[in-house]
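Chemist: Chains as they are written, first to last, in this note's numbering: chain A, 22 to 407; chain B, 501 to 851.
Positions of the beta carbon are idealized from the N, C-alpha and C atoms, including for glycine.
I'd like to ask you about the structure that follows.
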Amino acid sequence: MPSTLTLAPVVPSAAAEQVRAEVREFLAAELAAGTFTTHVDTWLSGVDPAFSRKLGERGWLGMTWPRRYGGHERTAMERYAVTEELLAAGAPVAAHWIADRQSGPNLLRYGTEAQRAEILPRIAAGECYFVIGMSEPDSGSDLASIRTRATRNGDGDWVVNGAKVWTSNAHTSHYAITLVRTSPADPAHRHAGLSQLLVDLSLPGITVNPIRILDGGHHFNEVVFDDVVVPGDMLLGEEGNGWHQVTAELAFERSGPERFLSTYPLIAEFARRVADSGDPAQLATLGRVSARLLALRQLSLRIAGALDRGELPDIPAALVKDVGTTFEADVIDEVRRAVDVPASLDSPDPLGRALAEAQLHAPGYTLRGGTNEILRGIVARGLGLR
Amino acid sequence: MRDLVVATVRDILAAHEPFVLTRERPWDSGLWAELAEAGLTGVGIPEEAGGSGGELADAVAIVATLAAGAAAVPVAEQLLVAAPAVLAADLDLPAPDEPLSAAVDGAVTAEPRDDGDGPGSWTLIGTATDVAWAGVAQHLVVLAGSPVGPVLALVDVAGRETTHAANLAGEPRGSLVLQGVTAAGALLTERQADELRARYALARAVQLSAALEQVLAWTVQYAGERQQFGRPLGKFQAVQMQLAEMAGEVTAVAALVDSAVQAIERGDSPVLAAAAAKVRAGSAVEVVARLAHQVHGAIGFTQEHRLHHLTRRCWSWRDEAGTETAWARVLGAGLLADGPDALWPALTRVL
């Protein structure tokens with residue numbers, strides 16, 4: 022196996038298991054109190070600022086960041102345990118998810134001291150939310166082709182024009198880390214001339230237009246920038262280094278357990294059916310699905326271990342996301358074939374509702390964060406083929 | 501030590517091309533003799549028991565290396581299944597240079613003998629079926645049922661008649677009539693019997709993982725060498741997608757199998773971890789073997805090319821030591837043991 026694809030095995034630490042137990046206890050209490058109900062795919066669709074603040078109060082956001090920025094200086098393995106428990110419970114974590122997962126780490130890597138001091142403690146408190154400003158109406162997977170432009174005005178501020186799409190939860194978020202072209206496109210150097218700006222979504226000239234997904238839910242948006250003046254000190258990192266920064270950010274975006282647990286609540290509901298029936302074929306389906314999930318956990322845990330060692334495992338992360346998101350969608354058909362339950366959002370049967378939610382969200386699993394075709398291209402590079 | 505052991509196995513393997521197994525030539529006795537001579541058929545077995553010492557992980561590394569080389573020798577059965585079981589049951593282990601296999605499917609029953617041979621003596625009744633290396637192994641560990649619980653019996657089967665049957669790769673999988681045979685044996689708990697079956701499944705998972713990894717490596721290599729339309733196959737995006745899909749499967753299997761082996765080394769109960777590893781490794785075979793053959797084209801579909809040595813083994817190993825479906829049921833039932841609402845905690849405890 023090429024070393025580019027594999028990572029060293031890890032064993033969960035006692036600290037990780039401790040915090041896992043704490044989160045589990047918290048979630049059981051919240052579920053019992055009825056503060057949330059379990060749903061599929063809640064890390065993008067389940068926006069609940071009050072819930073996010075509760076996590077912040079308990080120290081479960083910004084976990085790996087320095088204390089001086091409101092973080093808790095814990096390991097990626099501990100953070101892994103927390104995120105995994107939240108996902109398995111189908112908890113409403115979408116408000117803060119992007120900020121905690123990738124925007125905060127991006128700020129830590131590339132932000133100025135002022136940017137970090139201002140924003141990171143608010144993210145860690147569960148009060149400040151981010152969206153990903155990468156894709157555009159004419160640029161999906163081909164990020165280097167973006168056309169949103171930022172030019173310096175006489176005051177040294179940036180004037181931004183263009184549009185971003187698929188910006189999940191822009192209508193409930195505070196900032197967009199926005200990939201913009203700061204130099205004209207050069208066909209010979211497609212990745213040059215890109216920069217990241219930290220854009221306050223309340224600035225004049227920004228319009229957020231909802232885009233409904235298949236179940237009628239609203240997390241997607243189009244964000245239009247019309248002569249938006251972004252203060253000059255809101256450049257993130259280096260001017261012209263945007264491509265490199267985005268690539269690093271994607272390693273965080275692609276590596277977590279949300280890339281194989283989006284449909285876990287469906288598996289949990291199916292398990293109730295299997296326990297009732299004791300049907301051997303259903304037991305086998307549960308076993309097959311579980312074996313795939315267990316393998317993905319081991320891969321994802323290894324990525325957390327690599328992050329703790331200071332590595333940025335972009336190729337293994339792409340591989341896990343390809344295998345994991347394929348699994349998330351496969352779960353639906355595995356369960357469908359094992360039961361006689363029609364999928365409907367209005368089903369009196371919770372399994373029918375979970376099937377419907379999972380199915381209507383399914384096309385997104387293998388698209389968001391880079392399509393699986395892009396990811397396989399990255400894996401092929403890891404195999405030395407390109 | 502592990503690197504040295506693996507290097508030694510590789511050196512020995514290099515002199516033994518895989519061959520098409522036939523009824524007349526059902527194993528690579530020359531390879532076995534060299535491995536035994538080097539002490540490699542006793543790795544993981546303590547020196548005081550006649551072995552070469554070393555840890556389970558060393559034995560796993562040997563089994564993996566031999567599996568990737570399509571070696572036609574009963575090393576997985578001996579090092580990972582039968583010898584540890586004999587030692588755990590406190591029976592006398594045969595010499596490591598005499599091939600030892602295992603039959604764990606429970607088709608044989610054992611009756612205690614009360615003729616003064618002592619409680620460790622049993623009479624076996626029935627036929628052991630689908631025995632790996634039947635006709636090759638000199639000794640056989642048999643997991644038998646008895647009125648007082650599962651019995652681990654150790655039978656000398658040298659020269660004993662076997663029916664001919666082979667798996668898809670030609671590896672012997674015949675039956676042995678054990679009617680009325682007297683054997684030394686030990687009572688096991690049900691849990692110990694389950695763990696023995698799980699170890700056998702994990703041994704096959706280790707072999708599958710190594711073989712699948714090798715199949716991927718061969719396919720990547722072939723895609724880099726084979727020219728079509730003026731460029732290597734591997735430069736075509738469609739082929740890259742196939743190879744990346746194979747890599748995803750192989751990497752997932754390797755991670756789970758490695759973790760399962762490590763869990764057992766730590767002393768965790770092997771049953772659910774082994775079940776998961778066997779199911780996951782087995783389910784990868786369809787994708788990896790199909791795409792490997794697709795990329796290799798017609799040459800890979802012939803006995804002239806090496807690919808079949810591994811793909812045919814993989815197609816069989818996924819069904820052996822308990823089929824994917826059987827282990828999936830074990831895993832499903834095990835995960836629900838504390839009720840369906842405890843599924844997630846159960847999943848996080850497996851590994």
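#1: Below 8 Å between beta carbons: does that hold for B/P584 and B/Q638?
#2: Helix or strand or just coil, what does DSSP make of A/E243?
#3: Can you give me the Cβ contacts of B/T662 inside the same chain, cut-off strictly under 7 Å, excluding the 5 residues immediately before and after it?
#4: What does a CB cutoff of less than 7 Å around A/A302 pick up in its chain, not counting 5 residues either side in sequence?
#5: Which two residues bound the contiguous alpha helix (DSSP H) that contains B/S816?
#6: Please state whether DSSP places A/T25 in a helix, a strand or coil.
#7: When you check each C-beta in the stretch 101-114 of chain A against every C-beta of chain B, which residues fall closer than 7 Å?
#8: Would you list, in sequence order, the uninterrupted beta strand (DSSP E) runs of no fewer than 3 residues that lie entirely inside the stretch 626-714 of chain B?
#9: Give the secondary structure of B/V785 by DSSP, where H, G and I count as helix, E and B as strand, and everything else as coil.
#10: Of all the alpha helix (DSSP H) runs that stay within the bounds of the stretch 548-617 of chain B, which reach a length of 4 or more residues?
#11: So, does the CB of B/S783 fall closer than 8 Å to a CB anywhere in chain A?
#12: Which residue comes first and which comes last in the beta strand (DSSP E) that contains A/L311?
#13: Please state if the CB of A/A112 and the CB of A/T63 are separated by a distance shorter than 8 Å.
#14: Along the chain, where does the alpha helix (DSSP H) containing A/A401 start, and where does it finish?
#15: Would the beta-carbon of A/A165 fall within 8 Å of that of B/Q740?
#16: Can you name the start and end residues of the alpha helix (DSSP H) that A/I153 belongs to?
#17: I'd like the list of long-range same chain contacts for A/E355, defined as Cβ closer than 8 Å, with 5 residues on each side in sequence excluded.
#18: Compare the Cα-Cα distances from B/D838 to each of A/A338, A/R293, A/R41 and A/T347 and report the closest residue.
#19: DSSP on A/G183, reduced to helix/strand/coil?
#20: Based on the DSSP secondary-structure assignment, which residues constitute the bridge partners of A/Y196?
#21: By the 7 Å beta-carbon criterion, what residues does the stretch 323-351 of chain A contribute toward chain B?
#22: Could you tell me how far apart the beta carbons of B/R818 and B/V785 are, in whole angstroms, since I believe they sit closer than 8 Å?
#23: Suppose the cutoff is 6 Å on Cβ atoms and the five residues either side in sequence are ignored; what does the same chain contact list for B/A821 look like?
#24: Hey, how far is the Cα of B/A669 from the Cα of B/E547?
#25: Please list, in chain order, all residues of the same chain as B/G649 whose beta carbon is under 6 Å from its beta carbon, the five residues on each side excluded.
#26: Which of helix, strand or coil does DSSP assign to A/V68?
#27: Let me make sure I understand the geometry here. Which of A/M155, A/G261 and A/I336 has the alpha-carbon closest to that of A/A206?
#28: Buried or exposed for A/R389, please, with buried defined as at least 16 other CB atoms from any protein chain shown within 10 angstroms of its CB.
#29: Candidates B/R502, B/T825, B/W815 and B/M501: which alpha carbon is nearest B/A666's?
#30: Let's test the definition: count the other Cβ atoms within 10 Å of the Cβ of B/F519 and tell me whether it reaches 16, buried, or not, exposed.
#31: Under 7 Å between beta-carbons, which chain A residues line up against B/L745? List them in chain order, please.
#32: Count the other C-beta atoms from every protein chain shown that fall within 10 angstroms of the C-beta of B/P526, then say buried if there are 16 or more, exposed otherwise.
#33: Would the stretch 248-265 of chain A count as touching the stretch 216-231 of chain A if we require 3 or more Cβ pairs under 8 Å?
#34: Using only the alpha-carbon positions, how far apart do B/T565 and A/S162 sit?
#35: Using DSSP bridges, identify the partner residues of A/E157.
#36: Any C-beta of chain B within less than 7 Å: which residues of the stretch 288-312 of chain A qualify?
Modeler: Reading off the structure:
#1: At a Cβ-Cβ threshold of 8 Å, B/P584 and B/Q638 do not count as neighbours.
#2: Here A/E243 sits in strand by DSSP.
#3: Excluding residues within five positions, the ones whose Cβ falls inside 7 Å are A634, G635, G674, S675 and L676.
#4: Excluding five sequence positions before and after A/A302, the CB atoms of its chain that fall closer than 7 Å to its own CB belong to A359, given in chain order.
#5: Counting along the chain, B/S816 sits inside the alpha helix (DSSP H) bounded by residues L807 to W817.
#6: When secondary structure is reduced to three states using DSSP, A/T25 falls in the coil class, being assigned neither helix nor strand.
#7: For the stretch 101-114 of chain A, which is checked against every Cβ of chain B, the residues closer than 7 Å are A109.
#8: If one requires a minimum length of 3 residues, the beta strand (DSSP E) runs lying completely within the stretch 626-714 of chain B are 639-644, 651-656 and 681-687, in chain order.
#9: In the three-state reduction of the DSSP assignment, B/V785 falls in the helix class.
#10: Listed in chain order, they are 556-568 and 583-588.
#11: Yes - at least one Cβ of chain A is within 8 Å of the one on B/S783.
#12: Position check: residue 311 of chain A holds Ser in this sequence, whereas Leu was assumed. Looking at the DSSP string, A/S311 is not in any beta strand (DSSP E); the run it does join, the alpha helix (DSSP H), is P301 to D329.
#13: In this structure, the beta-carbon distance from A/T63 to A/A112 falls below 8 Å.
#14: Residues N393 to G403.
#15: Not a contact, by the Cβ cut-off of 8 Å.
#16: Segment F151 to G154 is the beta strand (DSSP E) holding A/I153; no alpha helix (DSSP H) there.
#17: Excluding residues up to 5 positions away in sequence, T306, R309 and V310 lie with their Cβ nearer than 8 Å to the Cβ of A/E355 in the same chain.
#18: Here the closest residue by C-alpha is A/R293.
#19: Here A/G183 sits in strand by DSSP.
#20: Under DSSP, A/Y196 takes part in a beta bridge, and its partners are A/F151 and A/D221.
#21: Listed by position along the chain: R323, L340, D343 and V344.
#22: In this structure B/R818 is in contact with B/V785, their Cβ atoms being roughly 5 Å apart against a cut-off of 8 Å.
#23: Cβ within range, chain order: Y700, A701 and R704.
#24: In a straight line, the C-alpha of B/A669 is about 34 Å away from that of B/E547.
#25: Within its own chain, the residues whose Cβ lies closer than 6 Å to the Cβ of B/G649, once the five positions on either side in sequence are excluded, are L687, listed in chain order.
#26: Correct three-state label for A/V68: coil.
#27: When the alpha-carbon of A/A206 is set against those of A/M155, A/G261 and A/I336, the nearest one is in A/G261.
#28: Classification of A/R389: buried, given that the 10 Å Cβ count is 16 or more.
#29: Comparing Cα positions, the closest option is B/W815.
#30: It counts as exposed.
#31: Reading off the sequence, residue 745 of chain B comes out as Glu, not Leu. Per Cβ cutoff of 7 Å: R397.
#32: Looking at its Cβ environment, which holds 16 or more other Cβ atoms inside 10 Å, B/P526 is buried.
#33: A contact exists between the stretch 248-265 of chain A and the stretch 216-231 of chain A.
#34: Those two C-alpha atoms are separated by around 40 Å.
#35: Bridge partners of A/E157: A/S160.
#36: Here the close residues are A289, A292, R293, V295, A296, P301, L304, A305, L307, G308, R309, S311 and A312.
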